[in-house]
Every structure is written in structure tokens, then in C-alpha cells.
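Peer 1:
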Amino acid sequence: MSAEPDGIVPPFPPPPSGTRMTRRWQATAAVVAVAAAVTATVLVAGSGGGGEHAAAKAQAPADGLRHTAIDVSTGTCGQGWSRPRSGTQVFDLHNTSGAAAEVDLTDPRTGKVYGEVEGLAPGTTRPMTVRLGSGSYAFKCLQNDADAVTGPTVVVAGKQPQGPAAAPVDQHDLIPPTLAYQKWVGQRIAELAADTGRLKADIDRGDLAAARRDWLPAHLVYERMGAAYDTFGDADAAINGIAARTPGAVDDPHFTGFHRIEYGLWHGRSAASLRGPATALDGAVHDLLGGWPDQRMDPAAMGLRAHEIVEDTEQFELTARTDYGSGTSLATARANLDGTRAILDELRPLLEPRDAGIAKLDAALVRTQATLDALRHGGVWTSVDKLTHAQRQQVNADFGDLLEQLAPVAAIFEVRRTA
Amino acid sequence: MTDTRGSGDLRRRGFLRGAALGVGAVGAVAGGATALAGSTASAATPSAAPAGRGAGFHGSHQAGIVENVQLSTAFLSFDVTAADRRELTELLHTVTDRARFLTAGGTPAPLGITDSPSDSGTLGPRLPGDGLTVTAGVGASLFDRRFGLTDRRPLRLSRMPAFADDDLDEAWCHGDLSLQLSAPHPDTVLHALRDIARNTRGGMQARWRMDGFSSPPRPSGTPRNHLGFKDGTANPDVTDPAVADEVVWVGAGAEPAWTAGGSYQVVRLIRMLVEFWDRVSLTEQERMFGRSRDTGAPLDGSREFDVPKFAEDPTGDIIPLDSHIRLANPRTAKTDDSRLLRRAYNYDRGMDGNGNLDMGLIFVCYQQDLERQFAAVQRRLAGEPLVDYVSPFGGGYFYALPGVRDRADWLGRTLLA
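Spelled out as C-alpha cells, the structure:
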């Protein structure tokens, strides 16, 4: 997507962006993880040339749906829609111009978008399947390096209920919540620096009981900042990386941070052996703190992170993949919920008018949180492997449902061009 | 909570995924539940496709029971995680809505920029229906106090007991709900499973799952199991409604009225020790079953569907008295009412720790009365020679719900409404 807003220049990094977050682990596994993290959202996927359009026209549609051929170019945007009908239907968008274009089907009165096709290559045709009720519609053609052009308004008569639509979110919309979130993260990093300093002091003076006590609060502060990890860059791997599964990987010198210290604290390692990792962790956190005022979070990542934090929880915490002996995966899961709430709180003013399922999302958060809180007894969290069958099923159900309710958030906050 | 009233209220307070409501609106149009999730996204109407090759979704009985086995199946047991009766009701509405759409086929609801796609796309942009059947049942545990259903339990429904030769693993037994998905192609089965799971995550979680298949006739007649024998030759002819009413369907009588049109479903996960079996002589194999391996004929006959004449062989010289077919169905007047409908599938799930092939049978059967039919047969089979080569380790008793009559109806309506 090309969404460079007029008049806005860095500090915000230039789009395209929205790289997927993937937890990185150390040594050999890191290569794989980095490769997996590169999930570009923008690919011009068109294939074939102009002949495709003619072929599509000649064939009766195999999908049983009503098809309408629509022209996409600066001068003819939206032409071809002469007999508007309600219902589920397909618009075959044909880019007759010389530049790639994004096409939105909008309600010109409200600006709501009913369907979109991105990266429509010159000369290609791609389908847009939408469900339309009664109302007014217009195609909007956004060619690269050109102003948006809105085609003729078309009215679907009658009293059919309208199909799913939402107002697009552009980069301008996301700047205030991103700044607010970034400020919140800065406060958390300061909190974290105090906590890792305490952990380092415990280990320095050989008090491993105190270290085991102070490890969790420090780790949870970090786990509440889930939407910022990508901005942390390499520091995230140094602070919260995990080891490969291969034998001996826990002794790899590149395995550092919270989980390295956790492994030592819960596997009878000496204080002396943990001083290096504790010093390195505290150093990495203080570096993060010092550098944070110069960092700029990517607004396009906000919506993605809102659902990826819990995706990570399901993948790494509910499987105990990241448990190096403390048995606190569910505490981490709980902190991840706090982190999800923190980012949703910032996005809420934009989300509320766009997500019809927001009440269910809120209910799912409450329910998941209550389920987790019931698994903490006297300050001690149940470890994942000690869950009863019924507890395990409830945790899986609540997180599974929560993730489904979070999926629309990422879709809605995909940054879109509006002009 | 015992609130089962007002599906409009139900849907507003819904806790399952929104996409289900989109498709569910089709049912709502006919069912009067027009108050959906309060969004414009709620009234999606997927275009209907021509009915698949399988049984239609609507009817007084569920599909997937009397119909022939299909080539591919997935059998699952679920624990219900819905918090109360209202949520259980929503869950069953959702399962119904998904099953109705998946079995009919059509275009998945387009959700525009408001959500990720409503369909996984593994069957292409338009679902083919493809003869899919979805068969749902309820287990005895659903009738505990969680949902206020203690007084509605079908008369014969209990927790499946361990029979004489069982080696049951709790992790592979029982469950609140059963769900069997069957189709001619595995991609259709897996697509349906993925869709239903996605739309019901908050309300139920799989307890165990076994995928299976049935083989084409080799070379003719009833499909064979992993032991090389035809499995289900002696099934009653349930295409005759009178036979089906006698053997399969629960009607009136002492059962709670809501059960009418349902059937008791037994599923048994039976490991077959195929390496051991392959080291047994053919004569011994055939004497254990009482049938010819090649033709499927009883040992006193020459063709698969020849009827064994046990009365003419009272000492078991031809068909041993302890052979499987003789114990299972002695074909006497006294045992006639214990006949049941077998719907078995083969399973294959990789290797065992000792290097053996991990394969066996998903034995599914339907009957009007668990005690009179399945349990009686199972007791007769206790200690049969075949037990050395098989090991039942899982399964459960379920009650296959009455059918969904029309677009306004839903699975479990008579139980919950």
C-alpha cells in the first residue's frame, strides 16, 4: 500500500510497513525466525496481460454470482455499473491505465468502504466480491502517485440491509494513539529498568531466593509492552529471546535475557554463573531506556500488534514453549492481556465506530482474564502442565474466542489511503 | 442460567465469532430472529448451491446415519465450555448454521475490510457442498447440572462402561458432544472441521479426534477393514423405513418426548494389531471371523450376502461357536432385536513407539436402545478369539440429536427450547 500522507514526513517511518511480529530465538533458529517475520503486506499479484479481461468477459461466471465489469483509470473510474442490484455480487475490476491502482467501493456520503482491491496492476482484472444492500455507492480509484478519483454515484434502491463496511483508517488517524502508546511504553521501560536493576543486585550479592522472587515482576513488566517489541529491534532478542530446541542450546552464549536467567535460577545454577546474564539484561534495558526518546513507533503496526500479542501468547505461553523452569507462562499470558488492553485503549475511539463486535471483544477479554486470575492461588500461578483437563479446555476456549474477536481489529487498522 | 427464550436477545449477547451470525441470518429470516449483532455485517445471505450428492440437511432425522459410509470422515468429541444454558443454545445454533451452509454449499459471506475472510478458501471461492454430512450427538455428561438438563437425559444414555476386553484411555473417551463430518473427499471434511471450530471456539473444545476413511469395494461388496475382512456385511436394510424404525430411530415409548427422531450413537476406537494379525494363518483368521477373507461369504456359504445357517451347524464344525459373526448376530428369534446399524471407518495415524503401524477401526453404530442392542452384542462378544488382535481404547456413548426440520429449526431445539 502506498499511504504516504501529504505533509507528513518522518519522524514516522515511511510506509509500506506493518511487518508481522515474530518472537525471535537465538543461534541457528534466529535465521528461520527472521525469514518468517518478513511477511510483506504489499505484493502486486497481477498476472497475465490484457487478454485476460476479454477471456473473463466471454465466459459465464462459474460462481453463480452476478458479475459486473468495472473500469479503473483516472478518467473512467467506476464506469460499467449500469444496473445496480443488492445482494452478494462480484465486480471485475479492470485497470485500463498505465499505473497500479487501489480500488475501493465506498459510500460517498459516509466514506465507508464495502470492498477493496489493492495493487491492481495495469492491464489486469481482479474480482471484488461484496454484499450490498440499499444505498449509494461509488468506486474510488487511487492510482500510485496520483490523487484519488471517485467515480459516479450509483444507487441501489429498496430497503435491503446493508453489507459489512467500515470507514478506512489512515496514517493521520493513527498518529495520536501511537504517540500516546509510545509514551506509555516509555513509562514501562523506566519501571522495567528499576526492576532489572533489583534483579541484578539480588544476583550480585548471591541472594538467589530474592532473585527468584524479583524475576517475575520484572519479566511481566516487559511482557506488558507487547506492541513495542518490533521497535526495540535487536534489544528484544537480547532481553526476551528463547533458545533453540537443540540439545545444549541453553548454554549457547547468545541465549541471554530473562529466559536465560530463569533457566539458571530454576535449575540450580550458581549466582556467579548468572552475574554475566543479569548484568547484560540490565544493560540492555538501560540502553533501551536511554534510546527510547529517539525511537518512533510505526503507526501501521498498532492494529496488527493488538491481535499479535495474544497470537504469541497462544503459540508460546499456552504451550509453555517459553517456560525455562519458573512455571509462570500463565502469569505471562495475563500480562499479555494487560498489554493488549493497553493498545486497545488507545485505539478504542477509532475502533468503536468501526467494529460491530466490540462488545463481544470486551466480553472475551473480561472472560479470559477471569479464567486466568482463577488459576493464581496465594500469589502462585498454576503452571501449564499442572492444569486440570477442564481448566485447560477453558483456557483454550477463552483464548481461542478472544483471538477470533481480535481478528477484525487487525483488518480494520490496516492503514489505507483515503485521498 | 436457564434463559433459552428470545433468540433476538440471544444473538445480541452472543459470545461466538461474528462471522457465524452473518451466515446464520439465513436461518434467522425464517426463524424470526432478526435482531442480530447490531451491525450491518449481520445479514449476509450466502447464495445457495444445488444440493450435494449426500442427504439433504433438513429432515426429521440427521443425515450421516442411515446413509452409506463415505470415503472420508472425522469423528470428534467435544467438551462444552459454554458457561450456561443460554450459551449452549447459542453454540448449537451456530453449529446448525455452519452445518446448513457447509452442506448446501455457496459463496461465503464477503466481509469487506471489516474482518479477515469468513472462509479459509481451501475449497475455493465457492463451497461445493460435496455430499458433506454433519452428524451431532450429546453425551451423558451434558446432562449434569451445568445446563439445567438433569431431567432431560435420554433414558438409556450413560457414560460408556469398560467392557470385558477394553483398555480404555480416559483422554480418548466420552465427551459432552459428538460431531462426525463425512464426505467423499478429505479436503471437504477438513474444511468443514476448520470452519466449525473457528466459529465455536469459545463454546466447545475438542476432547479427542480421530480421522478415518472407508475403502472402495475390493473388488466388490462391503468395504474392508485393516484386517482384510469386509466390515458390516450383515447390516440391516435401513433403506426400508420399517426396519430403520425398528433398529435405529427412537420413537415414542418411555423416552423423553424431545428425543423423537434421534438415535443412540456408539463410537469405539479400536486399535488393530495388524503386524500380529499378519502373522496368523488364513484359516485361523477366517475361523475367528466366521467368514472367508476373499469373498466375505460365511464359511458355510459362497457369496458375501449368503445367510449363515447356524442352526444346521449346532456344534460349530463349520462356523465356530466363538466366531465373531456367530456371537455378534446368532440369528435367532431371541437375538433378533439386538441387531444394530454399523457405520465403521478405518483409521491410520502413523507409527507406534514399538515401531508398529498405528491403525485401527472407528467403530460407529446406531441403535434404538443401547442395552438391548450394542451392550447385549458386546457382552456376547466378550472373550472372542479376535480380542487378542484388537484393543478398544476409546470412544463413548452419545445420543444423535433429532433432525433439523427446516431453516427455522436447529440442532437440540427440542432438548433446549
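If you read the sequences in order, they're chains A and B.
Per full-length UniProt numbering, the very first residue in the first sequence carries number 1; after that it's consecutive.
Per full-length UniProt numbering, the very first residue in the second sequence carries number 1; after that it's consecutive.
Cβ atoms here follow ideal geometry from the backbone N, Cα and C, with glycine treated the same way.
1. Does the beta carbon of B/THR222 come closer than 8 Å to any beta carbon on chain A?
2. Per the DSSP calculation, B/ILE270 is bridged to which residue(s)?
3. Inspect the beta-carbon positions of B/PHE398 and B/GLY139 and report whether they are closer than 8 Å.
4. I want to verify the contact list: residues of chain A whose CB lies under 9 Å from the CB of B/PHE310, in sequence order.
5. Strictly under 8 Å for the Cβ-Cβ distance: is B/THR81 near chain A by that measure?
6. Enumerated in chain order, which unbroken segments of the alpha helix (DSSP H) with a length of 4 residues or greater are wholly contained in the segment 59 to 83 of chain A?
7. Suppose contacts are defined by Cβ-Cβ distances below 8 Å. Is A/ALA411 in contact with B/THR107 by that definition?
8. Does the segment 269 to 277 of chain B come close enough to the segment 375 to 390 of chain B that 3 or more CB-CB pairs lie under 8 Å?
9. In chain B, what lies closer than 7 Å to A/VAL113 by C-beta?
10. I'd like to know if A/VAL130 contacts chain B, where contact means its C-beta is closer than 8 Å to some C-beta of that chain.
11. Could you give the distance in angstroms between the alpha-carbon of A/GLY400 and the alpha-carbon of A/ALA272?
12. If you drop the 5 nearest sequence neighbours on each side, which residues of the same chain put their C-beta closer than 7 Å to that of B/VAL404?
13. Would you kindly check if the distance between the Cβ of B/THR135 and the Cβ of B/ILE65 is under 8 Å?
14. Compare the Cα-Cα distances from B/THR230 to each of B/HIS324, B/ASP369 and B/GLY395 and report the closest residue.
15. Do B/ALA382 and B/ALA164 have their CB atoms nearer than 8 Å?
16. Given A/ARG188, which residues of its chain have a CB within under 7 Å of its CB, disregarding the five upstream and five downstream residues?
17. How is A/GLY283 classed by DSSP in three states: helix, strand or coil?
18. Anything in chain A within Cβ reach of B/THR103, meaning under 7 Å, just list it in chain order.
19. Are any of the Cβ atoms in chain B nearer than 8 Å to that of A/GLU116?
20. Give me the chain B residues within the contact set of A/ASN396, using Cβ-Cβ distance strictly less than 7 Å, ordered along the chain.
21. Short check: CB of A/SER323 to CB of A/VAL285, under 8 Å?
22. Whole-angstrom Cβ separation of B/MET204 and B/LEU177, contact assumed at under 8 Å?
23. First and last residue of the alpha helix (DSSP H) that includes A/GLY186?
24. Does the CB of B/ARG198 have a neighbour CB from chain A at under 8 Å?
25. Identify every run of the alpha helix (DSSP H) within the UniProt domain "Dyp-type peroxidase N-terminal" (62 to 213) of chain B, keeping only runs that are complete inside it and at least 4 residues long; order them along the chain.
26. Residues in the same chain with beta-carbon distance under 6 Å from B/GLU170, minus the five sequence neighbours each way, listed in chain order, please.
27. Under DSSP, the beta strand (DSSP E) around A/SER136 begins and ends at which residues?
28. Taking just the CA atoms, how far does B/PHE363 sit from B/ARG268?
29. Tell me which residues of the segment 356 to 384 of chain A have at least one Cβ-Cβ distance to chain B shorter than 9 Å, keeping chain order.
30. Residue range of the beta strand (DSSP E) that A/GLU116 falls in?
31. Of the residues B/ARG380, B/GLN373 and B/ALA254, which one's Cα is nearest the Cα of B/LEU327?
32. Taking B/ALA192 as the query, report the chain A residues whose CB atoms sit under 8 Å from its CB, ordered along the chain.
33. Quick check: the Cα distance between B/VAL307 and B/GLU284, rounded to an integer number of angstroms?
34. Which residue from A/SER136, A/GLN315 and A/VAL395 puts its Cα closest to that of A/ARG83?
35. For B/TRP258, which residues of its own chain have a beta-carbon under 7 Å away from its beta-carbon, when the five flanking residues on both sides are left out?
36. In chain B, what lies closer than 9 Å to A/ILE412 by C-beta?
Peer 2: Concretely, from the data shown:
1. Start at 1 with the first residue of the second sequence, and residue 222 of chain B comes out as number 222. With 8 Å as the cut-off, B/THR222 does not count as an interface residue toward chain A.
2. Sequence index remark: in the second sequence, residue 270 of chain B carries index 270 (1-based). DSSP, once it has assigned bridges, lists B/LEU361 and B/PRO392 as partnering B/ILE270.
3. Against the second sequence, residue 398 of chain B aligns to sequence position 398. Against the second sequence, residue 139 of chain B aligns to sequence position 139. In this structure, B/GLY139 lies closer than 8 Å to B/PHE398 by Cβ.
4. Position 310 of the second sequence, counted from the start, is the residue given in the question as residue 310 of chain B. Chain order gives no chain A residues near B/PHE310, where near means a beta carbon separation below 9 Å; the closest approach is about 46 Å.
5. Position 81 of the second sequence holds residue 81 of chain B. True, the Cβ-Cβ gap to chain A drops below 8 Å.
6. Segments of the alpha helix (DSSP H) lying fully in the segment 59 to 83 of chain A: there are none.
7. As a working note, residue 411 of chain A is residue 411 in the first sequence. As a working note, residue 107 of chain B is residue 107 in the second sequence. In this structure, B/THR107 does not lie closer than 8 Å to A/ALA411 by Cβ.
8. Touching, yes, given that three or more Cβ pairs across the two stretches are closer than 8 Å.
9. One-based indexing of the first sequence puts residue 113 of chain A at position 113. Chain B residues near A/VAL113: GLY112 and ILE113.
10. The residue labelled residue 130 of chain A in the question sits at position 130 within the first sequence. Taking Cβ atoms only, chain B reaches closer than 8 Å to A/VAL130, which makes this a yes.
11. The residue you call residue 400 of chain A lines up with position 400 of the first sequence. The residue you call residue 272 of chain A lines up with position 272 of the first sequence. If I take the Cα positions, the gap works out to 42 Å.
12. In the second sequence, counting from the first residue as 1, residue 404 of chain B sits at position 404. Close CB contacts of B/VAL404 within its chain, under the 7 Å cut and outside five residues either way in sequence, are with PHE57, HIS58, THR96, TRP410 and LEU411 (chain order).
13. In the second sequence, residue 65 of chain B corresponds to position 65, counting from 1. In the second sequence, residue 135 of chain B corresponds to position 135, counting from 1. A contact, by the Cβ cut-off of 8 Å.
14. Numbered from 1 along the second sequence, position 230 holds the residue referred to as residue 230 of chain B. Note that residue 230 of chain B is Lys in the sequence shown here, rather than Thr. For B/LYS230, the nearest C-alpha among the options comes from B/HIS324.
15. Working through the second sequence from its first residue, we reach residue 382 of chain B at position 382. Working through the second sequence from its first residue, we reach residue 164 of chain B at position 164. Yes, they are a contact pair.
16. Numbered from its first residue, the first sequence carries residue 188 of chain A at position 188. Cβ neighbours of A/ARG188 within its own chain (closer than 7 Å, five residues either side excluded): VAL221, ARG224 and MET225.
17. Here the question's residue 283 of chain A lines up with position 283 in the first sequence. In the structure shown, A/GLY283 sits in a helix (DSSP, three-state: H, G or I).
18. Along the second sequence, one-based indexing puts residue 103 of chain B at 103. Residues of chain A passing the Cβ test: none, with the nearest at roughly 17 Å.
19. Locating residue 116 of chain A in the first sequence gives position 116, where the first residue counts as 1. Taking a beta-carbon distance threshold of 8 Å, A/GLU116 counts as an interface residue toward chain B.
20. By 1-based counting over the first sequence, the position of residue 396 of chain A is 396. Correct list: GLN205.
21. The count along the first sequence starts at 1 and reaches residue 323 of chain A at position 323. The count along the first sequence starts at 1 and reaches residue 285 of chain A at position 285. Looking at the sequence provided, one finds Asp at residue 323 of chain A rather than Ser. Not in contact: A/ASP323 and A/VAL285 (Cβ atoms no closer than 8 Å).
22. Residue numbering aside, residue 204 of chain B sits at position 204 when the second sequence is read from its first letter. Residue numbering aside, residue 177 of chain B sits at position 177 when the second sequence is read from its first letter. Between B/LEU177 and B/MET204 the Cβ distance is about 6 Å, and since that is below 8 Å, they are a contact.
23. As a first step, residue 186 of chain A is located in the first sequence; it is residue number 186 there, counting from the start. Start and end: 171 to 204.
24. As a working note, residue 198 of chain B is residue 198 in the second sequence. Interface with chain A (8 Å Cβ-Cβ cutoff): B/ARG198 is included.
25. Segments of the alpha helix (DSSP H) lying fully in the UniProt domain "Dyp-type peroxidase N-terminal" (62 to 213) of chain B: 85 to 104 and 186 to 199.
26. The count along the second sequence starts at 1 and reaches residue 170 of chain B at position 170. Apart from sequence neighbours up to five positions away, no residue of its chain approaches B/GLU170 with a beta-carbon distance below 6 Å.
27. Translated into positions along the first sequence, residue 136 of chain A becomes position 136. Per DSSP, the unbroken beta strand (DSSP E) holding A/SER136 starts and ends at 135 to 143.
28. Within the second sequence, residue 268 of chain B is the residue found at index 268, counting from 1. Within the second sequence, residue 363 of chain B is the residue found at index 363, counting from 1. Their Cα atoms are separated by approximately 5 Å.
29. Residues of the segment 356 to 384 of chain A with a C-beta less than 9 Å from any C-beta of chain B: ALA356, GLY357, ALA359, LYS360, ALA363, ALA364 and ARG367, listed in chain order.
30. Position 116 of the first sequence holds residue 116 of chain A. First-last of the beta strand (DSSP E) with A/GLU116: 113 to 120.
31. Position 327 of the second sequence, counted from the first residue, corresponds to residue 327 of chain B. Between B/LEU327 and the set B/ARG380, B/GLN373 and B/ALA254, the nearest pair of CA atoms involves B/ARG380.
32. Your numbering for residue 192 of chain B matches position 192 in the second sequence. Listed along the chain, the chain A residues whose CB falls inside 8 Å of the CB of B/ALA192 amount to none; the nearest CB is some 17 Å away.
33. The residue given as residue 307 of chain B occupies position 307 in the second sequence. The residue given as residue 284 of chain B occupies position 284 in the second sequence. If I take the Cα positions, the gap works out to 21 Å.
34. The residue labelled residue 83 of chain A in the question sits at position 83 within the first sequence. For A/ARG83, the nearest C-alpha among the options comes from A/SER136.
35. In the second sequence, the residue the question calls residue 258 of chain B occupies position 258. Hits under 7 Å: ARG152, THR414 and LEU415.
36. Position 412 of the first sequence, counting from 1, holds the residue named residue 412 of chain A. Near A/ILE412 (Cβ distances below 9 Å), the residues of chain B are ILE113, THR114 and ASP115.
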